[in-house]
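Take a look at the structure set out below.
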Amino acid sequence: MFKSIQFSSFGDFVEMGGYAFNVWSVYALFLLFFCINLYFPILKRKQIIREQKRRLLFNRERVSTGSKLSNNEMDKNDS
Amino acid sequence: MWLWFSKLGSPKWFYELSGKWLPWLVAGMSLLLIVGIIWALLFVPPDYQQGNTIRIMYVHVPFASISLAFFPLMAVAGTITLVWRMKLADMVAKTAAPLGAWFTALALASGSIWGSDIWGTWWIWDGRLTSMLLQFFLLVGVISLRSALEDADAAAKACAVLSIVGCINVFVIKYSVDWWNTLHQPSGSFSLSDEAPNPPEVWVPLVIMIVAVYLFFVVSLILSTRNEILERERRSQWVQELIEAN
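The listed protein sequences correspond, in order, to chains A and B.
Using this note's numbering, the letters of the first sequence map in sequence onto residues 1 to 79.
Using this note's numbering, the letters of the second sequence map in sequence onto residues 1001 to 1246.
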């Protein structure tokens, strides 16, 4: 089941028996896709937390200054 | 059973549980991906007809197979939304649609690059290819439908119905290679014998890559669903406490 490495040299490996473009472009797309799909959700999570922290602080200030603006109204103002 | 079901529907419960699972899923995915990619690129023997382009199969097949799972997943989530109005199900359905479009696009692109040399053409209106393209457009349709409707409740219902109807296309994709005998080959058979057309040295790394890509799908779905939970549940006590602790 386990075969040895199929290429005799590094140059041979890069060349992929004449199919370098096809093989490497698919693996490059795969890697790019993989990074994008993990990076953006993580970035978005940070944005959401930052945004909601701001919202919470804003609301707390409102409460301490005695304003009657509710949470819901705050949401409406934001959007 | 019902207790479990209602618990599962609670976004808080899902958020906490998925937070515990994520590190393990990421670890398993990374390990399998590294092993799978090294095996596929270095150790798999070149095909007697296709040469080294056979290495494309280890990206194309996992993505093509998982992209068939999106419509059934969205249909199940949609049914739960319609019948039990479970919030979490709609959140999963919403995050699955763009992810599915990405997976389908990568399956199409990798297949096209593979075909450009083996078939001598980048594209042909073959049954499998056309039905896959249709799935891509259907997913784009589901995404636009949700963003077009302002009322979140109506959007959830409309998307649920479209997802259930869209499942028909999954059968067309699945059986297209048997119904229309054009360019795309049918699924191969696997055998444990070393003399078979698909010996273990070919399919074992494929199975590793399939499991790795499935884990990747689960990880990205969990990540986006957790974001969706934080946004939609922002007024609940537990999210506010979580935000403050962060």
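Just so you know, even glycine gets a beta-carbon here, dropped at the ideal spot from N, CA and C.
Small disclaimer: the values here were computed from a predicted structure and weren't measured.
Measure the Cβ-Cβ separation of tyrosine 27/A and valine 1059/B and say whether it is below 8 angstroms.
For tyrosine 27/A and valine 1059/B, yes; Cβs fall inside 8 angstroms.
Please compile the residues from chain B whose C-beta is within a distance smaller than 7 angstroms of the C-beta of tyrosine 39/A.
Close to tyrosine 39/A, with beta-carbon spacing below 7 angstroms, lies no residue of chain B; the smallest spacing is near 10 angstroms.
For glycine 1009/B, three-class secondary structure by DSSP
The DSSP-derived three-state label of glycine 1009/B is coil.
Using C-beta distances below 8 angstroms, list every residue in its chain close to leucine 1149/B, excluding the 5 sequence neighbours before and after it, in chain order.
Ala1155 and Ala1158, listed in sequence order.
Starting from the beta carbon of threonine 1104/B, find every residue of chain A whose beta carbon is closer than 9 angstroms, and list them in chain order.
Contact of threonine 1104/B with chain A by beta-carbon distance below 9 angstroms is absent, the smallest such distance being about 12 angstroms.
My output table needs one value for glycine 1120/B: the three-state DSSP class, helix, strand or coil.
Correct three-state label for glycine 1120/B: coil.
With 8 angstroms as the threshold, decide whether the Cβ of phenylalanine 30/A is near any Cβ in chain B.
The Cβ of phenylalanine 30/A sits closer than 8 angstroms to at least one Cβ of chain B.
Are there three or more Cβ pairs, one per stretch, closer than 8 angstroms when the region 1204-1213 of chain B is compared with the region 1161-1170 of chain B?
Counting Cβ pairs under 8 angstroms, fewer than three are found: no touch.
May I ask you to report which of helix, strand or coil DSSP gives aspartate 1151/B?
The answer is coil: DSSP assigns aspartate 1151/B none of H, G, I, E or B.
Taking its Cβ as the centre, do 16 or more other Cβ atoms sit within 10 Å of phenylalanine 1103/B, making it buried, or is it exposed?
By the Cβ neighbour-count rule, phenylalanine 1103/B is buried, with 16 or more other Cβ atoms within 10 Å of its own.
Residues of its chain near serine 1116/B, where Cβ-Cβ distance is below 7 angstroms and the 5 sequence neighbours each way are ignored:
The residues Trp1122, in chain order, have a CB closer than 7 angstroms to that of serine 1116/B in the same chain once the five nearest residues on each side in sequence are set aside.
Is serine 79/A helix, strand or coil by DSSP?
For serine 79/A, the pLDDT reaches just 44, beneath the cut-off of 50, and the residue's location in the model is therefore unreliable, leaving the point undetermined.
Using Cβ-Cβ distances below 7 angstroms, what residues of the region 10-23 of chain A are close to chain B?
Result list: Met16, Gly17, Tyr19, Asn22 and Val23.
Can you tell me whether DSSP reads aspartate 1126/B as helix, strand or coil?
Three-state DSSP puts aspartate 1126/B in coil, outside helix and strand.
Of the residues Leu1221/B, Phe1071/B, Leu1139/B and Asn1052/B, which one's Cα is nearest the Cα of glycine 1019/B?
If we check each option's Cα against that of glycine 1019/B, Leu1221/B comes out closest.
Taking the continuous alpha helix (DSSP H) assigned at glutamine 1237/B, which residues delimit it?
From DSSP, the alpha helix (DSSP H) with glutamine 1237/B extends over 1237-1245.
If you draw a straight line from the alpha carbon of serine 79/A to that of asparagine 59/A, how long is it in whole angstroms?
In this prediction, serine 79/A scores a pLDDT of 44, lower than 50, which makes its location untrustworthy; the coordinate-derived value is nonetheless stated afterwards. Taking the straight line joining both Cα atoms gives about 15 angstroms.
Short of 7 angstroms in beta carbon distance, which residues of its chain neighbour leucine 1082/B, apart from the five on each side in sequence? Order them along the chain.
Correct list, in chain order: Lys1157 and Ala1160.
Have a look at Phe1063/B, Met1057/B, Phe1014/B and Val1044/B and flag the residue whose alpha-carbon is nearest the alpha-carbon of phenylalanine 33/A.
Of Phe1063/B, Met1057/B, Phe1014/B and Val1044/B, the residue nearest in Cα terms is Phe1063/B.
When Ala1027/B, Gly1127/B and Pro1046/B are compared against aspartate 12/A, the one with the closest alpha-carbon
Per the C-alpha coordinates, the member of Ala1027/B, Gly1127/B and Pro1046/B positioned closest to aspartate 12/A is Pro1046/B.
Candidates Trp1084/B, Ser1112/B, Gly1111/B and Ala1075/B, of which the one nearest lysine 1094/B by Cα:
Out of Trp1084/B, Ser1112/B, Gly1111/B and Ala1075/B, the CA that lies nearest to the CA of lysine 1094/B is found in Ala1075/B.
Looking only at its chain, what residues have a beta carbon closer than 6 angstroms to the beta carbon of alanine 1097/B, apart from the 5 residues adjacent to it on each side?
So the qualifying residues of the chain are Leu1139, Val1142 and Ile1143.
Alpha-carbon spacing of isoleucine 5/A relative to valine 23/A, whole angstroms
Note on geometry: alpha-carbon atoms of isoleucine 5/A and valine 23/A lie some 17 angstroms from one another.
Can you confirm whether the region 1026-1039 of chain B touches the region 1124-1140 of chain B when touching is taken to mean that 3 or more C-beta pairs between the two stretches lie within less than 8 angstroms?
No, the region 1124-1140 of chain B does not touch the region 1026-1039 of chain B.
Less than 8 angstroms between the C-beta atoms of isoleucine 1056/B and serine 1112/B, yes or no?
The Cβ-Cβ distance between isoleucine 1056/B and serine 1112/B does not fall below 8 angstroms.
Looking at the secondary structure, which residues open and close the alpha helix (DSSP H) in which threonine 1225/B lies?
Boundaries of the alpha helix (DSSP H) harbouring threonine 1225/B: 1200-1232, taken from the DSSP string.
What in chain A is Cβ-close to leucine 1042/B, meaning under 8 angstroms?
Residues of chain A passing the Cβ test: Ile5, Gln6, Phe7 and Phe13.
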